[in-house]
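Accompanying notes for the structure given below.
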Amino acid sequence: MVANIPPPKDDSIEVFLRILDERKRHLDFYQRIKNDWQKSIEIYIKHKGNPEKIAALDLLLYTKDEDEAEDRKKSLIGLYSPQQGKTPHEILSKMRREHGLICCPSCGEAGIPGTLDHYLPKDEFPELSVLLLNLTPMCFECQQAKGTQYKTNNGSKKYIHPYFDEVTTPLYKITFQPPYNSPKFSIVMNDDIEPDLLKLANEHAIGIDLTLRLKKFCNTKYVHLLKSAKRHRDKGGRVGLGEIIEILLQSEEDKSINCWEAVFYRSALADKDLIDYLENGDLPDNL
């Protein structure tokens, strides 16, 4: 939702082959599934994780019955929780800790995302449970909201993929409905977004419960803005408040063009009546 981020530095196929080489148990199963497993990974990479182009492997084709298929499904999912010293334990640890992000790439909320989300869920795609390009940094709130969803009701792609989908422009904005001493907030998509991205961004926003979460943020952020306006006026500031907000916006956009603070300041600047109120209107007494 925020912007695309650099993919993992380690090569996904090389890591897959190392994982496979370390297997000591169920070797017959892994030999039977190896070629199709690698093809599945290559298809994922070719189609950039698009679930409309990717089908889960049928584990019954590589096992003798449903019980064994269920057991091997657990084995595949278990690869995501390797013991220390096994591939990809250290790689996953670095992906969680050393991604360099200071806001969630899924929603834009400030804070260092500390978990990895399976873009295509491991319960349905166990063979992709340790595919590095299927693992994306995400905040806890987004992960809880997304759950195991990955398609819309009509079977199309539901979520923006932070490694593959190009997001280089502001996706959404906030509208401030007067009275400005206590406005109501609405979250709307920008009109100039390319149609396919606009459709995907809308689905993504619904899936991570963006509107409700961002409105709560706005309630708190707006109080801070009112307090800043009061302090500025009390000190007889010579620089217009709009210019100060512009500076704040530039700083936030360095984090991400769609982080919540950037969206808030950009939207405030676009509302000339709001800026006039902050500079000249009657601010609330209880600030």
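First residue of the sequence shown: -9, per my numbering; consecutive thereafter.
For each residue, glycine too, the CB sits at the ideal point set by N, CA and C.
Range of the contiguous alpha helix (DSSP H) that encloses residue i
i: K262; result: K262 to N270
i: P185; result: P185 to G197
i: T210; result: L200 to D224
i: D61; result: E56 to G68
i: L10; result: S2 to D11
i: H108; result: No alpha helix (DSSP H) contains H108, which is instead part of the beta strand (DSSP E) from T105 to H108.
i: L239; result: L231 to E243
i: I81; result: H79 to R87
Spatial neighbours of residue i in its chain, beta-carbon cut-off 7 Å, leaving aside the 5 residues before and after
i: K38; result: H151 and F154
i: L65; result: As written in the sequence, residue 65 is Ser, which differs from the Leu given in the question. Cβ neighbours of S65 beyond the five flanking positions: H16.
i: I235; result: Y255, A258 and L259
i: P78; result: V5, I9, P72 and V120
Bridge-paired residues (DSSP) for residue i
i: K141; result: K147
i: C93; result: A100
Residue range of the unbroken beta strand (DSSP E) whose run includes residue i
i: P162; result: Before going on, a small fix: residue 162 reads as Tyr here, not Pro. Segment Y162 to Q167, the beta strand (DSSP E) holding Y162.
i: F175; result: K174 to M179
i: H37; result: H37 -> no beta strand (DSSP E), and no H or E assigned at all.
i: L125; result: L125 to M128
Contacts around residue i, its chain only, beta-carbon distance under 8 Å, and the 5 residues preceding and following it disregarded
i: L273; result: N171, L216, A219, K220 and R223
i: N248; result: M(-9), V(-8), A(-7), G98, V157, P160, L161 and Y162
Whole-angstrom distance between residue j and residue i, CA atom to CA atom
i: N208; j: Y267; result: The sequence as given places Cys at residue 208; Asn does not occur at that position. Spanning the two alpha carbons is a distance of roughly 17 Å.
i: P127; j: R22; result: 32 Å
i: K14; j: K76; result: 12 Å
i: L47; j: S83; result: 27 Å
i: N270; j: N276; result: 17 Å
i: L204; j: D244; result: 20 Å
i: V120; j: E114; result: 13 Å
i: D55; j: Y255; result: 58 Å
i: S246; j: G90; result: 12 Å
i: P185; j: A191; result: 10 Å
i: C97; j: K63; result: 31 Å
i: A195; j: G145; result: 17 Å
i: I183; j: E60; result: 44 Å
i: L110; j: D18; result: 26 Å
Own chain, CB closer than 6 Å to residue i, minus 5 neighbours either side, in chain order
i: D107; result: T126, M128 and Q133
is_contact[residue i, chain C] using C-beta, thresh 8 Å
i: K211; result: Judged by its chain identifiers, the structure shown contains no chain C, having just a single protein chain.
- Message: Quick check: the region 184 to 203 against the region 124 to 136, are at least 3 beta-carbon pairs closer than 8 Å?
- Response: Touching, yes, given that three or more Cβ pairs across the two stretches are closer than 8 Å.
- Should the region 254 to 263 be called in touch with the region 160 to 167, which here means at least 3 C-beta pairs below 8 Å? Taking 8 Å as the limit for Cβ pairs, the verdict is that the region 160 to 167 does touch the region 254 to 263.
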